[in-house]
Each structure stands twice: as structure tokens, then as C-alpha cells.
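Position one of the sequence shown corresponds to residue 1 (full-length UniProt numbering), numbered consecutively onward. Inspection log for the structure reproduced underneath, given as C-alpha cells.
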Amino acid sequence: MNLSATHPLIFLIGVIFVKQASLTFVKTVISGTTVTLLCSNILKEPSYISWFKQTNDSLPLCIATQYTSVNPVDSIYFNGFKKNHVEMSVNKTFSSLKIVNVDVSDSGIFYCGSFLTNHMMFHDKTQLVVNETSHSKGDVTNVDCGATEETSRACHVYYTLTLILSGLVLLPTVLAILILIRLKERNKQKEDAQHRENNEEMNKQLEQVSHIKILFNLQVIHLICAEIHKWSMTGPYKYIYIFF
Numbered sequence: 001m002n003l004s005a006t007h008p009l010i011f012l013i014g015v016i017f018v019k020q021a022s023l024t025f026v027k028t029v030i031s032g033t034t035v036t037l038l039c040s041n042i043l044k045e046p047s048y049i050s051w052f053k054q055t056n057d058s059l060p061l062c063i064a065t066q067y068t069s070v071n072p073v074d075s076i077y078f079n080g081f082k083k084n085h086v087e088m089s090v091n092k093t094f095s096s097l098k099i100v101n102v103d104v105s106d107s108g109i110f111y112c113g114s115f116l117t118n119h120m121m122f123h124d125k126t127q128l129v130v131n132e133t134s135h136s137k138g139d140v141t142n143v144d145c146g147a148t149e150e151t152s153r154a155c156h157v158y159y160t161l162t163l164i165l166s167g168l169v170l171l172p173t174v175l176a177i178l179i180l181i182r183l184k185e186r187n188k189q190k191e192d193a194q195h196r197e198n199n200e201e202m203n204k205q206l207e208q209v210s211h212i213k214i215l216f217n218l219q220v221i222h223l224i225c226a227e228i229h230k231w232s233m234t235g236p237y238k239y240i241y242i243f244f
């Protein structure tokens with residue numbers, strides 16, 4: 001296949017609009033080992049998938065590209081990358097880039113690009129870190145995920161289950177917080193209702209006390225008036241009654 005005669009070659013020299021994913025996965029390996037990088041095959045119709053490498057904020061270099069179709073097509077390599085060191089393959093689900101006998105110079109950011117109608121979409125970024133010696137026992141090393149199609153599927157299942165389990169762990173926490181907030185609001189409503197009830201009861205008691213006090217005062221006044229009347233009707237002070 002002559003790529004120079006096809007318009008998708010434009011993306012190889014960067015004269016296109018691109019979209020690039022921001023999430024980057026980190027894979028740490030030891031020098032001399034073999035590592036396989038994966039990216040999702042998002043193409044729904046025959047087109048080009050390419051792998052790129054970028055280091056030290058430089059322009060991305062195209063490693064290899066392959067045209068996806070019903071009939072398999074060999075990958076084409078660019079910029080000095082050789083098939084005996086890096087090997088690109090594509091299936092219906094993933095595209096993989098296998099790097100054999102990795103070296104420190106292989107460190108960098110790798111990502112694949114899918115040529116869509118009028119732009120290239122970069123996605124599934126992986127930062128490859130190659131160390132000359134192995135880590136200490138306390139360090140965590142990344143497992144090579146996707147060396148074969150079976151492990152690629154297993155890797156996809158692993159990431160899916162990780163997302164599901166994360167959601168299952170987070171969901172009870174959110175529900176517990178919502179329940180606590182609801183209980184707090186309900187308790188506050190009960191306290192407010194109890195406070196209003198106590199105020200109403202206190203007001204009723206005050207009204208009763210005021211009523212009793214008024215009745216008592218009226219009885220006292222009545223008794224005083226009766227005594228005055230009785231007293232005024234006898235002796236020289238009877239005219240006081242008339243005055244009143």
C-alpha cells in the first residue's frame with residue numbers, strides 16, 4: 001500500500017487538527033525486559049491507527065501505522081523504529097505495541113492515534129519508565145498487561161471491575177452521608193416541634209396563673225368591701241358607706 005497517495009498521510013507530518021486525552025498511565029519496567037502497551041481500537045470503519053512517542057516536550061514521532069480492514073495489512077514503521085525492536089498489531093478491540101529488550105532510551109510517553117473523518121484523535125497515553133536495575137522489595141512494579149489477546153481481554157476486564165468496585169465502595173459512603181444528613185434534619189424538626197409545644201404549654205400555664213390571680217384579687221376586694229360595708233353601718237362612721 002502506497003501511503004503517499006492517500007490523504008491520511010497528512011497526520012504523519014502533523015498538518016491536521018488533533019484531539020488528545022489528558023489521562024496518562026505510568027508503566028515502570030526493568031531494562032532488558034519486554035513490555036506491551038495497549039490502546040483501544042475505537043474505529044468503527046476501516047481507517048488508520050498509529051502509535052506515537054514523545055519525550056522531553058518534543059514533537060510526537062510516529063512509530064508505526066496500520067490500516068484496519070477485514071483483510072490484515074502489515075504495519076509500516078517510521079523514524080528509524082524497526083520491527084525487531086517494536087512491533088505493532090491490531091485486533092477488533094485493541095491495538096498493541098510490543099517493545100522487545102527495552103532500554104532506558106525507550107522511556108517516554110506513548111499513545112496511539114485513530115484517524116477519524118477529518119482529524120486524528122490521540123488517546124490511551126502511557127508513560128513508560130525504564131529503570132536499569134530492579135526496584136527494592138518495598139517498591140511496587142507494574143505488571144505487563146496485554147502481551148497476548150487473552151491478557152488484553154483480561155486487562156480490559158480488570159479495569160472494568162476496578163471501576164465497578166470503586167463505585168460499590170463509594171456508593172455506601174455517599175448513602176451513609178445522605179442518611180446522616182436526613183436524620184439530623186429530622187431530629188432538628190423534632191426538637192423545634194418540642195420547643196414549640198413547651199412554649200405553648202408554658203403560655204397556657206401562665207394564662208391559668210393570671211386567671212387565678214385575677215379571681216383571687218376579686219375575692220379579696222369583695223371581702224374588703226363587705227367588711228367596710230359592715231363596719232360603716234355601725235357607729236358614727238355610717239356616713240362613710242353613703243359616701244361610697
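Even glycine gets a Cβ: it sits at the ideal position worked out from N, Cα and C.
At least 7 Å separates the beta-carbon of CYS62 from that of ASP124. Collapsing the DSSP output to three states places GLU87 in a strand.
Take the alpha-carbon of GLU132 and the one of GLY108: they are about 15 Å apart. Pairing THR24 with GLN127, the inter-Cα distance amounts to about 7 Å. A direct Cα-Cα distance of roughly 57 Å separates ILE181 from VAL70. Burial is judged here by how many other beta carbons sit within 10 angstroms of a residue's own beta carbon; ILE99 has at least 16 and is buried. Boundaries of the beta strand (DSSP E) around ILE49: 47-54. One Cα belongs to ILE224, the other to ARG196, and the distance between them is close to 42 Å. Boundaries of the beta strand (DSSP E) around ASP124: 119-131.
The bridge partners DSSP lists for PHE216 come to none. With contacts defined as CB atoms closer than 7 Å, THR68 and LEU97 fail to qualify as a contacting pair. In the three-state reduction of the DSSP assignment, VAL26 falls in the strand class, which pools E and B. Here the alpha carbons of LYS213 and ALA226 stand approximately 20 Å from one another. Here DSSP, grouped into helix, strand and coil, assigns LYS190 to helix. In the structure shown, LYS98 falls within a strand segment according to DSSP collapsed to helix, strand and coil. Check the Cα spacing between VAL130 and each of TYR111, SER105 and PHE115: the tightest is with SER105. Cα atoms of GLU45 and GLY32: separation of roughly 37 Å, rounded to the nearest angstrom.
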